[in-house]
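>
Number of protein chains: 2
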Amino acid sequence: MQKDTRKCNSVSNGTSLLKRLSKTTPSKIILFVMDGLGGLPIGPADSTNINGVKGKTELEHAVKPNLDALAKQSVCGVVDPISPGITPGSGPAHLGLFGCDPLEHEIGRGVLEASGINFPLEENDLAVRINFATIDKEGKITDRRAGRISTETNIKICEDLSKIKIDPIKIFVKTVKEHRAVVIFRGENLSEEIAETDPQAVGTLPLEPKALSKEAESTSKIISKFVSEAKKILISHHPANMLLLRGFAKPPHLPSFQENFHLNPAAIATYPMYKGLARLVGMKVLELKGGNIEDEIAALEENYNSHDFFFIHIKGTDSSGEDGDWERKAKVIEEADKFIPRILKLKPDVLIITGDHSTPALLKSHSWHPVPIILHSPTCRVDDVDNFSETACVKGGLGRIRALEIMPLALAHAQKLEKYGA
Amino acid sequence: MQKDTRKCNSVSNGTSLLKRLSKTTPSKIILFVMDGLGGLPIGPADSTNINGVKGKTELEHAVKPNLDALAKQSVCGVVDPISPGITPGSGPAHLGLFGCDPLEHEIGRGVLEASGINFPLEENDLAVRINFATIDKEGKITDRRAGRISTETNIKICEDLSKIKIDPIKIFVKTVKEHRAVVIFRGENLSEEIAETDPQAVGTLPLEPKALSKEAESTSKIISKFVSEAKKILISHHPANMLLLRGFAKPPHLPSFQENFHLNPAAIATYPMYKGLARLVGMKVLELKGGNIEDEIAALEENYNSHDFFFIHIKGTDSSGEDGDWERKAKVIEEADKFIPRILKLKPDVLIITGDHSTPALLKSHSWHPVPIILHSPTCRVDDVDNFSETACVKGGLGRIRALEIMPLALAHAQKLEKYGA
Chain V
146 MQKDTRKCNS VSNGTSLLKR LSKTTPSKII LFVMDGLGGL PIGPADSTNI NGVKGKTELE
206 HAVKPNLDAL AKQSVCGVVD PISPGITPGS GPAHLGLFGC DPLEHEIGRG VLEASGINFP
266 LEENDLAVRI NFATIDKEGK ITDRRAGRIS TETNIKICED LSKIKIDPIK IFVKTVKEHR
326 AVVIFRGENL SEEIAETDPQ AVGTLPLEPK ALSKEAESTS KIISKFVSEA KKILISHHPA
386 NMLLLRGFAK PPHLPSFQEN FHLNPAAIAT YPMYKGLARL VGMKVLELKG GNIEDEIAAL
446 EENYNSHDFF FIHIKGTDSS GEDGDWERKA KVIEEADKFI PRILKLKPDV LIITGDHSTP
506 ALLKSHSWHP VPIILHSPTC RVDDVDNFSE TACVKGGLGR IRALEIMPLA LAHAQKLEKY
566 GA
Chain A
146 MQKDTRKCNS VSNGTSLLKR LSKTTPSKII LFVMDGLGGL PIGPADSTNI NGVKGKTELE
206 HAVKPNLDAL AKQSVCGVVD PISPGITPGS GPAHLGLFGC DPLEHEIGRG VLEASGINFP
266 LEENDLAVRI NFATIDKEGK ITDRRAGRIS TETNIKICED LSKIKIDPIK IFVKTVKEHR
326 AVVIFRGENL SEEIAETDPQ AVGTLPLEPK ALSKEAESTS KIISKFVSEA KKILISHHPA
386 NMLLLRGFAK PPHLPSFQEN FHLNPAAIAT YPMYKGLARL VGMKVLELKG GNIEDEIAAL
446 EENYNSHDFF FIHIKGTDSS GEDGDWERKA KVIEEADKFI PRILKLKPDV LIITGDHSTP
506 ALLKSHSWHP VPIILHSPTC RVDDVDNFSE TACVKGGLGR IRALEIMPLA LAHAQKLEKY
566 GA
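Those sequence lines, one after another, are chains V and A.
Sequential numbering of the first sequence, starting at 146, is according to my numbering.
Sequential numbering of the second sequence, starting at 146, is according to my numbering.
#1: Report the CB separation of M428/A from A443/A in whole angstroms; it is logged as a contact under 8 Å.
#2: So, for E563/A: in the same chain, excluding its five sequence neighbours on each side, which residues have a beta-carbon less than 7 Å away from its beta-carbon?
#3: Which residues of chain A have a Cβ atom closer than 8 Å to the Cβ of V184/V, listed in chain order?
#4: Look up T499/A in the DSSP assignment and give the residues it is bridged to.
#5: With burial defined as no fewer than 16 other Cβ atoms inside 10 Å of the residue's Cβ, what is the status of Y419/A: buried or exposed?
#6: Using a beta-carbon distance cut-off of less than 8 Å, what residues from the stretch 226-237 of chain A approach chain V?
#7: Would you be able to state if there are at least three C-beta pairs under 8 Å between the stretch 465-485 of chain A and the stretch 493-507 of chain A?
#8: So that I know if they touch, is there some Cβ in chain A lying closer than 8 Å to that of D528/V?
#9: Quick one: is I546/V near chain A, going by C-beta distance under 8 Å?
#10: Using a 10 Å radius around the Cβ and a threshold of 16 neighbouring Cβ atoms, would you call K217/V buried or exposed?
#11: With DSSP collapsed to three states, give me the class of T536/A.
#12: Taking 8 Å as the threshold, find out whether the stretch 250-263 of chain V comes into contact with the stretch 396-411 of chain V through three or more Cβ pairs.
#13: Can you find the residues in the same chain that come closer than 7 Å, C-beta to C-beta, to L543/V, ignoring five residues on each side of it along the sequence?
#14: Tell me, to the nearest whole angstrom, how far the beta carbon of K540/A is from that of V530/A; I am working on the premise that it is less than 8 Å.
#15: Is it the case that the Cβ atoms of I339/A and L352/A are separated by a distance below 8 Å?
#16: Would E374/A count as contacting chain V if we go by Cβ distances under 8 Å?
#17: For L248/V, does the count of other Cβ atoms within 10 angstroms reach 16, so buried, or fall short, so exposed?
#18: Name the residues in the stretch 387-420 of chain A whose C-beta lies less than 7 Å from a C-beta of chain V; which are they?
#19: Return yes when the Cβ of L335/A is within less than 8 Å of the Cβ of V318/A, no when it is not.
#20: Whose C-alpha, out of H382/V, E441/V, H452/V, is nearest the C-alpha of M179/V?
#21: Give the C-beta separation of I459/A and I438/A to the nearest angstrom, bearing in mind that I take them to be a contact with Cβ-Cβ under 8 Å.
#22: For the alpha helix (DSSP H) that contains D213/A, what are its first and last residues?
#23: With 8 Å set as the bound, which would you pick, yes or no: does the beta-carbon of L257/A sit closer than that to a beta-carbon of chain V?
#24: Can you tell me whether C245/A is helix, strand or coil according to DSSP?
#25: Does any heavy atom of the ligand HEM sit closer than 7 Å to the C-beta of I497/A?
#26: In whole angstroms, give me the CA-to-CA distance for T202/A and D470/A.
#27: Give the residues from the stretch 505-527 of chain A that approach chain V closer than 9 Å (Cβ to any Cβ), ordered along the chain.
#28: What are the boundary residues of the beta strand (DSSP E) that includes K355/V?
#29: How big is the Cα-Cα spacing for L390/V and E341/V?
#30: Taking only three categories from DSSP, how would you classify K308/A?
#31: Which residues in chain V sit within 7 Å of R254/A, going by Cβ to Cβ distance?
#32: Identify the residues that DSSP records as bridge partners of I316/A: which are they?
#33: Identify the residues that DSSP records as bridge partners of H86/V: which are they?
#34: Kindly indicate if chain A contains any beta-carbon less than 8 Å away from that of G241/V.
#35: With a 10 Å radius around its C-beta and 16 neighbouring C-beta atoms as the bar for buried, classify A423/A as buried or exposed.
#36: To be precise: take each residue of the stretch 272-299 of chain V, compare its Cβ to all Cβ atoms of chain A, and keep it if any distance is under 7 Å. Which residues remain?
Below, the structure is given as structure tokens:
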């Protein structure tokens, strides 16, 4: 028995085990994530709803011959993003999919936003999400999104705010999109234990960036100074005459895909946050020609020979679910379905189709419901699930698993894992 | 809360809980393990393969009326030997079945082999697996198994090698079977952190038994000396003119069945390794009249009154799977099936039928695929699984469990567990 083997023995968690057992091989894995995929039926299952449709989830309603055929030739199941009953944010949900325990590693929104715009965060940086807002003469918030100013306006504002100096801290203010930006404070001993200033309501004053611990007091002063300086500059930028700060966060130390799984991974996503999440675990984010699923699949095809793991992120299923648009969510699934044959043509050794969590249009929000999954591989034990839906997948051969178990299964089916023990 | 209660609370693993809750009762448990039971369909499930058989696993193909009838009257499920995606060796796979966490306890091959031949290992012994091999004039390996010499020849060679003296170490060289043997070094401060000398290839020189840590340096010198002395002796034993060393290991400290579960267990197995594993957890290994399943069942019948737990190990399902012999594996299952009525005639309180892992003939190796399980007991909640197969069991009442959960279920159904808490 070798030394490194023994060292890992004492660590019971699965990630260390994978680090020890995984090996680089030519086989390829595609993880195709439809954000917020799982849904809930509109109308009771045994009756007909107002549209004359029998109660069906978005996925059940969608016409998706390719996904159904794939489910039939694969092993299926349902996935709890974290554990039963827990509704995850996008960060923890993706960490789980990436085989990184979301209960051990937490990613603050500030870090997500900064990563999403490709800002090169350093170890001690403190990243904070900015929402530009409108306040009235009394300082009370009248619009928490500053009338959704244009991204162009946002860029000009951020240039102005970047001039703020608070020695010895370096400050970077960067545009994300519309009313959203991110500020990065660079310096020693900065703390993320600062209260958010967004009261999440209009008609009230913004909150103070209070220190939530003794260690955070000096940071709190810096943030307060920043807010008061910013306020002076923003007077001339009405309706964006105020900023609200959320998600104070320092970069987490996540093990990379290279380190943990001996993979050379690539990410294909259209939204900044998902690119950011992928970068945090060591993925190369591929350039896209546009923002459609078609562009994502084209990027997969063009880069297929250069990587052995691909994460593809489809956003539309989640945003339509969040909007409560059951019909549009089904349409996004139908759109994605059309590209399945092009993915299969690449002959990946393992193709996984799932979501990061459920976003039922009925709830207009993320939910805790398990997400259906298809695992397609020549080494899979095909079950008798004959269509891709929440209900059918419950009876699949994978049973009910946790998102954290997807990467070990993907690696196993791609035959990238050594046997454990003699 | 009482003091001992609080002590147990801090231990998160289930074994401590079982130690606390289990009690001795007259009820009897039989754990019938078909090694490598789970399989994969030959040919895709939706087509017909070259033999004109629709894609079926070995288990689905086997004619096994008794197992099917038993599944119908039992609760079924599928078992991950370790966790989803992890392919286990025989050691960790059996530890899981024996309710002993395979991620906490690791057993090296040397120890497995020594236990398998009933060698009374002492606490500080270092056990190492020997493969006799053939080398050419340049010392390069030409056959890693020395033409599979007979066991009789092996015995003579081991007698010669036992004459090697390296003071103050005691050396025991013992025959296992054909080209396989085991050497036990007894002395102080021996380390298992020694590199294996088998290069796992022909045409190259054997490797040096290098120390993998500073502490192992003195052990490395002893092993090197042993190899050079052995080489001199083996000159006269061509084709077994060299030995290759693997699996340097010291005995693990495993909790016994007596201690953990208050059971008086017996093991019925034909292969040394499984007898060895059973002994490591305190099982009495029963004598068999021969090496067939029939002999195993006869031993069960004869000793039925003397124990309250029986582990029965069927090897043929694994060896046929490893050989890629789908048809033979199905035949072994059919052979085992014939003895189910004799087992049932004993009226065990709990009969569990499962495997330690999957060995699909398609892969010719152990695999990570979950293994079907039948749990038969008057206290089981019968589900609607109506045949014993991987696909049918997925829908069983046990769902997808881990091997480590089998012992608690067995004890519970045998009504050997007290209630937890007031």
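All residues carry an ideal CB built from backbone N, CA and C; glycine is no exception.
Concretely, from the data shown:
#1: Going by Cβ atoms, the distance from M428/A to A443/A rounds to 18 Å, so no, they are not a contact pair.
#2: L166, K168
#3: In the sequence as presented, Val is not what sits at residue 184/V; that position holds Gly. Neighbours of G184/V on chain A: none; closest Cβ ~23 Å, over 8 Å.
#4: V178/A
#5: buried
#6: I227, S228, P229, G230, I231, T232, P233, G234, S235, G236, P237
#7: yes
#8: yes
#9: yes
#10: buried
#11: helix
#12: yes
#13: V220, C221, G222, I518, L520
#14: 6 Å
#15: no
#16: no
#17: exposed
#18: G392, F393, A394
#19: no
#20: E441/V
#21: 6 Å
#22: 210-217
#23: yes
#24: coil
#25: The ligand HEM is absent from the structure shown, which contains no ligands of any kind.
#26: 12 Å
#27: P505, L507, L508, S510, H511, S512, W513, H514, P515
#28: Run containing K355/V: none; DSSP gives neither H nor E here.
#29: 6 Å
#30: coil
#31: A567
#32: F330/A
#33: Past the edges of chain V, shown from 146 to 567, lies residue 86/V, and the structure says nothing about it.
#34: no
#35: buried
#36: none
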